[in-house]
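A.B. asks: Counting from 1, position 21 in the sequence shown corresponds to residue 21 in the working numbering; the numbering is continuous, with no gaps. Below is a structure I'd like to ask you about.
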Amino acid sequence: MSGDFPSDTSLAWALGGGVDWNVLPRVAVRLVQADLLQTRFGDDNQNNGRFSFGVVFKFGGK
């Protein structure tokens, strides 16, 4: 059955970071988060950037 089903392999990766301001022990404000995502399909590359902010709720242990 080899060759009956075409197959492609691609690669994707993401890198990012952010800054949180703790306003309560279990609540923070995410002042900024920046991410870069790259995908590769064959010889084509696509780069995407993302900036975001928001509220962070912390669950679990210390």
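All C-beta atoms in this analysis are idealised placements derived from N, C-alpha and C, irrespective of residue type, glycine included. All values reported here derive from a predicted model rather than from experimental measurement.
Figure out for me which residue from V32, V27 and V19 has the closest Cα to the Cα of G60.
C.D. replies: Residue numbering aside, residue 60 sits at position 60 when the sequence shown is read from its first letter. Checking every option, the nearest Cα to that of G60 belongs to V27.
A.B. asks: When you compare each of S10, A14 and F57 to D35 by their alpha carbons, which one comes out closest?
C.D. replies: The residue you call residue 35 lines up with position 35 of the sequence shown. Selected option, being the one with the closest Cα: A14.
A.B. asks: Would you identify the three-state DSSP class for T9, choosing helix, strand or coil?
C.D. replies: Locating residue 9 in the sequence shown gives position 9, counting from the first residue. Coil.
A.B. asks: Could you tell me which residues DSSP puts in a beta bridge with R30?
C.D. replies: What you label residue 30 is simply residue 30 of the sequence shown in a count that begins at 1. Residue pairing by DSSP puts R30 in a beta bridge opposite D20 and G54.
A.B. asks: State the CB to CB distance for the pair F53 and V32, rounded to an integer number of angstroms; the pair is presumed to be in contact (CB under 8 angstroms).
C.D. replies: The residue given as residue 53 occupies position 53 in the sequence shown. The residue given as residue 32 occupies position 32 in the sequence shown. About 6 angstroms; that satisfies the 8 angstroms criterion.
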